[in-house]
Structures are given as C-alpha cells and as structure tokens.
C-alpha cells in the first residue's frame, strides 16, 4: 500500500507542474479542492490533502497508470505452515551378541635339539709334487725305457758352448718334452737326440762325451713332469730307431684341394725342413698307404693316411701344387701349396 501511495503522489506532482504551465482558465485539479481560487496561489498538494473522490477524478482524467492507487492493502499472503514429517523414533540399535574371544592357543613348547656338531675330520695333508730324490735313479733296473720307438741311452756330461755331447745346434722350447725333441731330430735324420737343462734339444750322429751318474739328469720336463729332461751340466740322450728303407717317391698320385675335413686322416707333422723324403720316412713308421705334403709361409706339413677323402672330385691340375719344399736348398722339389696337397703313394722296401 505504501508503494501505491508513493506512485500516486509522484503522478499528482507531475500533474501540478503541468497545470502550472497551462491556460489559467482551463479547469484544473486545483478547482477540485474548492479552497483555491487560482493556481497562481496554489500550494503543493500532498497525498494526504486529497480525498478519495479527488484521487479518483485525477486517475480518470490523467491516465490509467494510477488506476491501482486505491487498491486495498491486502498485506502479504501468509505462507502455509511447514508440513512436518511425522517423527518416527529410530529403531533401537541392534547389538551383536558379544562372543568372548577364544583363549589363545599356545604352541607346544618343544625343547630345542642339542646342537649337532659335525665330526671334526683332520684336513688331508697338502699334496706336494713328488720330488725325485737324488738317491733314486731314473734308469730302469731291468730294461731300458722304450717310448714311441726310441730308447734311453744314458746321462752324459754336457757343458753348453764348451763341451757338448751332440754336435747339432740346440733347439730351445719353454714347454719342452722328450717327444718334442724326438720329432725335431727325426726330421734331421739324426741317430741320437738329447735334452739338456730341461729346455734344450740336441741332435747328433755320435756321442762326444763320457757317461756320468744318472743322478745328474733329474730335471723334469716343463711340458711333461713325468719325463726327465737332463740336468744343468748333463744331458739325457736317446737313440732314434733305424729308419725303414723307403724308395724314392714315385710320381704323385695327384694334387688335391685340402681342408680340415679333406686331409688324409692320419698322423701329421710340421717342420721348416720338410722334404718329400722326410715325409715319406715319417709316414713309413705308421705303415700308411699314402703321404701328402703342403707348404705355407715357409713351413711344410706332412700328412699320413690310407684314404684320400672325396676322391677324384677334389683332384686339380698339378699347377696348384708347385710350392718349393722348405727343406730343399738346391733343387726345385715341390711340396704342394697352402690350399692344395701333393699326394704320393708310399713304397716301403722289405
């Protein structure tokens, strides 16, 4: 209602201003009151100065915008009282039945076993390499040792550079064995070979010094501790077997391509002094049917065997086997090549 009265008041104020500017003889709202003779003497009209008839007259003549000025003030519509949900008392809490916990289960107490002591075994005594005592001779009591067709002759005095038992220049090797020296001297067609000071191999045709007690030759070979390789002032001498009589090799069987899988399959020997005769004599010891030669980097190799692998399909022209034998000085004897083997048939005279 207060807002409507304020609106009517503002409208009447606007009408008053309009009448003040109009012709004085026009009818105006000032005449409605009956108390005002002229609008020039009019006083400001407030909302409380109008009667209901005057307010109605103003609304009819000056616009519909104030038609709701006299509506009754109905006041705010009271909101309905809130609907309260029926209060349902909560169900009483359900208590779980209290079950007493089971008594703790105690593990049966087992008395600990007494500590087991491992039986004390005394450690074995350290194994020492057997030392050949000076009183034990290395010469067999009944017969001379025979190893791979060579025989032990005895222990002989030897002084390197001044008094040597064998004539040939020695060959040294840090892993010397009796067998190594044997193969080396076989290629030189010597009658004897001997090992001095454990690492030096001598070859020769005669023995130049006197025999001494065997105790002076008691150094073990570095390449085989079961063998004896002379002493510091004595040499262990062996005799080489007499070579079988081998006739001069006939014309070769052929020139064959050689690889790891296509050699003759028997014993093999390498030497920088290799010749056809040396290889024939070596293979005669094994009574093989064939011997073959190859040469690579001034080193010859001799191969012994009874069959030629792959046969004719590996056979090539003889021009592939024309390397000079490394043990030949004055002729053009050939010993195969680095990839091809020159094969001969072995002829042994009875």
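Residue numbers (mature numbering (1 follows the signal peptide of the UniProt record, and there is no 0)): -20 to -1, 1 to 330. Glycine is no exception: its CB is placed at the ideal position from the N, C-alpha and C atoms. Given the structure is predicted, the values throughout are model-derived calculations rather than measurements.
Asked: Three-way DSSP call (helix, strand, coil) for residue 298 in this model; Found: helix
Asked: One or two residues paired with residue 284 in a DSSP bridge; Found: 271
Asked: At least 3 beta-carbon pairs within less than 8 Å: the region 268 to 278 vs the region 212 to 220; Found: no
Asked: Nearest-angstrom Cβ-Cβ length linking residue 200 and residue 192, presumed shorter than 8 Å; Found: Going by Cβ atoms, the distance from residue 200 to residue 192 rounds to 18 Å, so no, they are not a contact pair.
Asked: Cβ-Cβ distance between residue 264 and residue 206 below 8 Å; Found: no
Asked: Any beta strand (DSSP E) of 3 or more consecutive residues that is wholly inside the region 202 to 259; Found: 204 to 208, 214 to 219, 234 to 237 and 248 to 251
Asked: Where residue 50 sits in the DSSP three-state scheme; Found: Confidence at residue 50 is low in this model, with a pLDDT of 44, below 50, so its placement is unreliable and the value that follows should be read with caution. Correct three-state label for residue 50: coil.
Asked: Continuous beta strand (DSSP E) stretch holding residue 133: start and end; Found: 130 to 137
Asked: Beta-carbon gap between residue 236 and residue 295 smaller than 8 Å; Found: yes
Asked: Three or more C-beta pairs below 8 Å linking the region 246 to 253 and the region 309 to 326; Found: no
Asked: Cβ-based neighbour list, residue 178, same chain, cut-off 8 Å, excluding 5 preceding and 5 following; Found: 156, 199, 200, 201, 202, 209 and 210
Asked: Spatial neighbours of residue 259 in its chain, beta-carbon cut-off 7 Å, leaving aside the 5 residues before and after; Found: 271, 273 and 282
Asked: For residue 146 and residue 162, believed in contact at Cβ under 8 Å, the rounded distance; Found: Actually they do not touch by this definition, with Cβ atoms about 13 Å apart.
Asked: Of the listed residues 280, 285, 136 and 298, nearest to residue 187 (C-alpha basis); Found: 136
Asked: C-alpha gap between residue 133 and residue 315, whole angstroms; Found: 35 Å
Asked: Contacts around residue 268, its chain only, beta-carbon distance under 7 Å, and the 5 residues preceding and following it disregarded; Found: 246, 284, 285, 286 and 326
Asked: Bridge partner(s) assigned by DSSP for residue 196; Found: Answer is none; residue 196 lacks a bridge partner.
Asked: Span separating the alpha-carbon of residue 144 from that of residue 204; Found: 24 Å
Asked: DSSP-derived helix/strand/coil call for residue 152; Found: strand
Asked: As assigned by DSSP and simplified to three states, the class of residue 263; Found: helix
Asked: Cβ-Cβ distance between residue 233 and residue 320 below 8 Å; Found: no
Asked: Alpha carbon of residue 279 to alpha carbon of residue 300, nearest angstrom; Found: 17 Å
Asked: DSSP state of residue 162 mapped onto helix, strand, coil; Found: helix
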